[in-house]
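Residue numbers (the working numbering), protein chains in the order written: chain L, 1 to 1012; chain G, 1013 to 1199.
Note that CB positions come from ideal geometry on N, CA and C, so glycine has one too.
Bear in mind the structure is a predicted one, so any value in this text is a computation, not a measurement.
Accompanying notes for the structure given below.
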Amino acid sequence: MSTRLSEGGRLIDRSRKIAFRFDGKRLTGHPGDTLASALMANGQRIVGRSFKYHRPRGVVASGAEEPNALVNLGEGGRHEPNQRATTTELFEGLAATSQNRWPSLDFDIGEVNALIPRFLPAGFYYKTFIHPRPFWKHVFEPFIRHSAGLGRAPDPRTTDPDRYEHFYVHTDLVIAGGGIAGLQAALEAGRAGAKVLLCEQTAHWGGRAPVDGVEIDGAPAEAWIAAALAELEGMENVHLRLRTMVAGVYDHGYVIAYERVADHVAAPDAPRHRLWRIRAAQVVSATGAFERPLSFPGNDKPGVMLASAMRDYLVNWGVSPGDRTVVVTNNDDAYRTAIAIRKAGLDVPCIVDARDTADGPLPQEARALGIPVKTGMAIANVKGLRGVVAVQLCRQAGEGAVIEDVICEAVAMSGGWSPVVHLWSHCGGKLAWDAGGAFFRPDHEKPPTSHDGEGFVVCAGAADGALHASEVLGNAGAATGRALARLGLSAPGRVATASAPDEAALSPVWMMPQGAGPKKRAKMWLDFQNDVKVSDVQLAAREGYESVEHTKRYTTLGMATDQGKLSNINGLAVLADALGAPIPQVGTTTFRPPFTPISMGAIAGEARGAVFQPIRRTPIQDWHERNGAAWEPVGHWRRPYCFPRDGETKRDAVNREILATRTSVGLLDASTLGKILVKGADAGRFMDMLYTNMMSTLKPGRCRYGLMCSENGFLMDDGVVARLDDETFLVHTTTGGADRIHAHMEDWLQCEWWDWKVYTANVTEQWAQVAVVGPNARKVLEKLGGDIDLSKEALPFMAWAEGRIGGFDARVFRISFSGELSFEVAVPASQGRAFWDALLDAGAEFGITPYGTEALHVMRAEKGFIMIGDETDGTVIPQDLGLDWAISKKKDDYLGKRAQERAHMTDPARWKLVGLETLDGSVLPDGAYAIAEGVNDNAQRNTQGRVTSTYWSPTLEKGIAMGLVLNGPDRMGEVLEFNTTRKAARGEDAPTVKARIVSPVFYDAQGEKQDV
Amino acid sequence: MSDLARSALPGAEAGGIVSVREMGLQGMVTLRADLSVAAKALKKVTGAAMPEVRGMTEGEGTRVAWMSPDELLILCDHSAAGEMARGLTEALKGQHHLAVDVSDARAMFSLTGEAGALRDVLAKVTPADLAALAPGEMRRTRLQQVAAALWFESGTEARVVCFRSVAQYVFDLLALSAKDGGAVGYH
């Protein structure tokens, strides 16, 4: 049983207690505890269950690399699965539950899997659940889903109550890691005058140097760390951030850091997480190293921990792993753990060292403390079901014949250390195999490179393979010097010197004992979270998986939430051995950001709720909101679809709005319509290229409808052009087309016709535009007064005038998209709302009726006007729509002209626009196809046309539609059959709807109503 | 009809670690021209000199900001913008140019507060390098999902200009970023 010692714990405040809950149990800890240290202090040995076999698991590490101690953290809206207990700071009221267990952590039904692991080897799912096919979906998958999986997903009915944000920073240098290497780098860069951001993922500076008893410049590391911090805090050019993890390094020095601003607070008023989006000229990765587990049988049992982690719990949090701890190692560093345990007054029955000799200063010190050191030995087995009760020792060189049993409650293991090279590798930095240390280290010749081909990441200290304290600061100093040199700075001042007892070389041990048979190998865990064992990787190799990337996916080695931080090197060493290839030739899998998982909230930042996405608002939007508009998204705008009154359906409202407009007067907020100014000596020439018809001949004061095509000839936008003066055109685009068409214009002007004298300006938002539509439109406007003569003679159809309507500054366009007498009036946006209100007042006696986009659509369809996006879909050319009249024959060229002359575009079999009227008066389904005889190569019914727009016309009291039909205009009066979504009765063909081909102009074909 | 003219969010205000306020109606004129030959006309109409790249200059009740190699933004009284655009058109007669009143296409906000907090709040929403932005220099940038321009009026006041249709989004964004508890302590 682990417990809290009576003294010690440099990070905890023993004077205060914090209450928290784990699986409903009320427990206490101290400020400074992590959830993991607090659980261990409370004797909670089992903290979770493994993914596949549901094996009981305890804490194995003390930091970001922890694979086992994952919990469901928080409740309700703050519930989060898969949180690492080792990196979760304890706070008052913290509530956590264990994962992957049923019905309880101590007794788990799924543990039965563990009794039959030979049924679940690598690739088991792929091999077993193939046949019969339907079983996968209905039997196997539900079963596997129930037994596998880690944390519980948040309840979809809850909403995260916290807020999140981004933060943009530009800096010379980002330093990842606030251990002594990172601090040394910051000191050097700060003194050199560089702008520095130093990020440390934990809540404490100094890393593990204080735990390991390192001395710097002759004094304990703590003193130097405190002095370094004091100096750094005094530098204006240096920023220090705790609880901030550098999560990813991307091209061109883009760096993401994840700040857990308020994870250690119960209900914060601060943003919970902050995502730092950093532009850094250079990155210093001082990320340290991870200790590797040893692969011996039963190495996953609760109580078996990394030696360094056990030291951390002892020194940092005053937590004892148990009264008797056996240390098993292949290096000298682990002796520090034995010494620390002994000095804490606990027992170390023996140190099991796989090496044949251990005579360095640390082993000598251990022996002097009376700890037996057993060299050339190994662990053959770990006894105990829910935790360690004893280990059985054997010779490392042998097959595992047990020599003796050693009673103990805990095992500290150390298989050596691997530099944390993630940040070096994210952007393509290459690694070199260090045979002496048995690890991959950054290859200085192949750094990740920036735009100029120069490296932009350096690794400092242990992250660069300088594992011994005496090397760390010198290495960090040199690395920082390289980074500073790339910034054109030089490092002044001296680098501190750290010292610690010398260490003898380790001996690589990838399997313990080295000659273990299949039974033992099936109990040696490589990946604790995903239950991948030595036997699984060897099986993959036997089955032909030679690539480490393939083996990873086949066995799921390193694919859990810890991304193989502990299992990576051990796994590939086992694979290399099985393949008979050297380790560097097998290589590593790819390191990808983020370093550890970051929250979705941090990624989304502030973008939720009201600011999830910008919604563009017209100057009249407030009125629409207050008058119950039903909305339709159009680009980023929300336009009123219709204005339902009490008890009205949307359809009722649309019908009422149309009839009111056609019989008296309606009002449309057309402010969203794109408005682009085109001015210059070459404006006419430019307009003739943009539009298919002739625009240069348009007279000032007049309007003309035009079509715009892409280079490939396809219709991309339409609208009315007004000529303001000789040099100036005002282009109206569709609502969704404004930005796109403006960009299209600038593209041609900047890239192709750069010498034409044309300037454009997008003035869409300068104007509020209101369409006053219907037989009484003129009366309403005349009532407002002003200085513009609105008579038919003075302002005929397709003319425009500028002046005043009432007291409003206005441009009035006599254009109609409804077939009625219509004035589109533009006033400056600031006057838009007042103008709208004035129109409502003036029109009250005529029953003036605001209408929405659906009424607009129906009225234009009644007139046979096309709509971009309905009749066009990017494959339609103007000729398909019978718009030949809007295509100039006189012009030499316009954008799309040559494309429209290609054989496919002039093919007489292209489907052409017609009107469609159902025989029974019903509304055709949108997008329905006109069926033809026979079937195609895919056994689908042949088609001869499709519906592009279809509505109920309240004016004509029947369904009307437009569609594209093979030889349509030549087939007037012919009846077609259209498919529907109705189901076929048994044994019968699917029902169809019959519709007759008619002219697309259903209403006022002569255009008399708009020309009054 | 200026008495009926309304800015995008009249009177909108929010407090927190900095204060955010919509500034009401603001005159703005876009001028596109060959800037190498437009200085005289600019001086005549606005009283301001031609700004350097990303710079701003002061005139008589006006301010001129550099927008792009062939575009300027002139800030003036809302009621004077129309006349300003016509004046520029007149002064640049015979020279290729475009001058247009865009006052109502925009919204403007003022952010005031302690210098560090001010930059911290802005750094939550703009990728621009604020430390490199001297007072009197205008930066065209983005405020998260929309286009905007910003400059420091002084050490303790920043101005933000955005399109009118997204004024509510920008106000909400700034107000959220300025909320109490959100201090970063970086700048």
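Query	Result
Alpha carbon to alpha carbon, how far is L/V1032 from L/L539?	The structure shown has nothing for residue 1032 of chain L, since chain L only spans 1 to 1012.
Using a Cβ-Cβ distance under 8 angstroms, would G/D1089 count as near chain L?	no
For G/S1115 versus G/G1197, is the C-beta distance shorter than 8 angstroms?	no
Curious, which full-length beta strand (DSSP E) runs of at least 3 residues does the segment 732 to 782 of chain L contain?	759 to 762 and 767 to 773
Measure the alpha-carbon distance for G/A1187 versus L/P161 and round it to whole angstroms.	18 angstroms
When you check each C-beta in the segment 173 to 194 of chain L against every C-beta of chain G, which residues fall closer than 9 angstroms?	none
Using a cut-off of 7 angstroms between C-beta atoms, extract the partners of G/Q1038 located in chain L.	Simply none; closest approach about 10 angstroms.
8 angstroms is my cut-off, CB to CB: does G/P1204 come that close to chain L?	Summary: the structure shown does not reach residue 1204 of chain G, with chain G confined to residues 1013 through 1199, and so no result is reported for it.
What residues in the segment 1140 to 1154 of chain G bring their beta carbon closer than 9 angstroms to a beta carbon of chain L?	A1140, D1141, L1142, A1143 and A1144
Can you tell me whether DSSP reads L/P1000 as helix, strand or coil?	coil
Kindly indicate the opening and closing residues of the beta strand (DSSP E) around L/Y851.	From DSSP, L/Y851 is part of no beta strand (DSSP E); its letter is neither H nor E.
Going by DSSP in three states, L/V255 sits in which element: helix, strand or coil?	strand
Along the alpha helix (DSSP H) that carries L/H204, what are the first and last residues, could you check?	Counting along the chain, L/H204 falls outside any alpha helix (DSSP H), and DSSP gives it neither H nor E.
Please return the same chain residues whose Cβ sits closer than 6 angstroms to the Cβ of L/V1023, not counting the five positions on each side in sequence.	The shown model of chain L, from 1 to 1012, leaves out residue 1023 of chain L, and the question about it has no answer.
Quick one: using the 10 Å Cβ neighbour count with 16 as the cut-off for buried, is G/D1015 buried or exposed?	exposed
Quick check: the Cα distance between L/A203 and L/E231, rounded to an integer number of angstroms?	19 angstroms
Helix, strand or coil: how does DSSP classify G/L1110 here?	strand
From G/A1017 to L/G719, what distance separates their C-alpha atoms?	28 angstroms
Are the segment 277 to 297 of chain L and the segment 473 to 488 of chain L touching, with three or more C-beta to C-beta distances below 8 angstroms?	yes
Pull up the DSSP beta-bridge partners for L/D717, would you.	L/M708
Would you tell me roughly how many angstroms separate the C-alpha atoms of L/A1013 and L/W510, rounded to the nearest one?	A question about residue 1013 of chain L goes unanswered here, because the residues of chain L that appear run from 1 up to 1012.
Considering only residues of the same chain and omitting the five flanking positions on each side of L/K565, which have a CB-CB separation below 6 angstroms?	E65 and F290
For L/V174 versus L/V246, is the C-beta spacing smaller than 8 angstroms?	yes
Got a sec: which bits of the segment 1165 to 1177 of chain G sit with their beta carbon under 8 angstroms from any beta carbon on chain L, in order along the chain?	F1175, R1176 and S1177
Which of the three DSSP states, helix, strand or coil, is assigned to L/Q529?	coil
Measure from the C-beta of L/Y164 to each C-beta in chain G and report whether the shortest distance is under 8 angstroms.	no
Closest to L/V352 by C-alpha separation, out of L/G322, L/P293, L/G384 and L/M413, would be which residue?	L/M413
To the nearest angstrom, report how far apart G/M1013 and G/R1171 are at their CA atoms.	Its pLDDT being 46, under 50, G/M1013 is placed unreliably by the model, and the measurement read from it follows with that caveat. Roughly 27 angstroms between the two C-alpha positions.
Please classify L/Q956 as buried or exposed, where buried requires at least 16 neighbouring CB atoms within 10 angstroms.	Looking at the sequence provided, one finds Leu at residue 956 of chain L rather than Gln. Exposed is the call here.
Using 10 angstroms around the beta-carbon of L/W754, count the other beta-carbons present and answer buried if the total reaches 16, otherwise exposed.	exposed
Quick one: what does DSSP say L/A36 is sitting in, helix, strand or coil?	helix
Going by Cα to Cα distance, which pick from L/P619, L/R441, L/D652 and L/V249 is closest to L/R639?	L/P619
Any idea if L/V326 is buried or exposed, counting beta-carbon neighbours within 10 angstroms, 16 or more meaning buried?	buried
Using 8 angstroms as the threshold, is the C-beta distance between G/A1097 and G/A1119 below it?	no
For L/S285, list the residues DSSP reports as bridge partners.	L/A176 and L/C459
With 8 angstroms as the limit, tell me which residues of the segment 613 to 626 of chain L have their beta carbon closer than that to any beta carbon of chain G; keep them in chain order.	Q613, P614, I615, R616, R617, T618 and P619
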